[in-house]
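Visitor:
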Amino acid sequence: MGKLSTHVLDITQGKPGAGVRLALYAVNAEGRTLLTTDVTNADGRCATPLLAGEQLTAGKYELVFAAGDYFAAQGVQVPEPRFVDEVTIAFGVADAEQNYHVPLVVSPWAYSTYRGS
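Remember, the numbering used here sits 85 above the position in the sequence shown when you count from 1.
(1) Take every Cβ of the stretch 124-139, pair it with every Cβ of the stretch 158-176, and state whether three or more of those distances are shorter than 8 Å.
(2) What ranges does the beta strand (DSSP E) occupy inside the stretch 110-144, keeping only unbroken runs of at least 3 residues that lie completely in it?
(3) Please report the straight-line C-alpha distance between THR173 and LEU109, rounded to a whole angstrom.
(4) With a 10 Å radius around its C-beta and 16 neighbouring C-beta atoms as the bar for buried, classify VAL93 as buried or exposed.
(5) Can you say whether TYR38 is buried or exposed, counting buried as having 16 or more other CB atoms within 10 angstroms of its CB?
(6) Any idea if LEU119 is buried or exposed, counting beta-carbon neighbours within 10 angstroms, 16 or more meaning buried?
(7) May I ask which residues mark the beginning and end of the beta strand (DSSP E) holding ALA175?
(8) Quick one: Cα of LEU135 to Cα of VAL163, how far?
(9) Count the other CB atoms within 10 Å of the CB of THR91; is the residue buried (16 or more) or exposed (fewer)?
(10) For ALA152, decide whether its Cβ has a neighbour in chain C, counting only Cβ atoms nearer than 8 Å.
(11) Between GLY177 and LYS145, which are expected to be in contact by the criterion C-beta below 8 Å, what is the C-beta distance as a whole number of angstroms?
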């Protein structure tokens, strides 16, 4: 059975993004439903998969990362309002038997993601 995982990479400091708060939502026609929240560990990862086994179903999801709060806690000086603040990655799971890894590569000025395994 598949699983969903994530991690955060801070490209301004060249290190994992430790202590980033995140929330995972399921998205459907009625809106979005909060499934779980977590905080990244010293390796920039969550200690356990966000969803695994029967919890992971085909459908649409959103991961919301508190990137702006993370950079503020790191002492990074950025203007208010922050250019990158809450980062939302909207993605789909087509086959719940596969592993989906959705990392965030982030700085105070840009971010990207990709599908890992």
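No residue lacks a Cβ here, since even glycine has one placed at the ideal position from N, Cα and C.
Guide: Reading from the atomic positions:
(1) no
(2) Entirely contained in the stretch 110-144, the beta strand (DSSP E) runs reaching 3 residues are, in chain order, 116-124.
(3) In this structure, the CA atom of THR173 is about 10 Å from the CA atom of LEU109.
(4) buried
(5) Residue 38 lies beyond the range of the chain shown here (86 to 202); nothing can be said about it.
(6) exposed
(7) 171-178
(8) 30 Å
(9) buried
(10) Chain labels in this structure do not include chain C; a single protein chain is all it has.
(11) Confirmed, about 5 Å.
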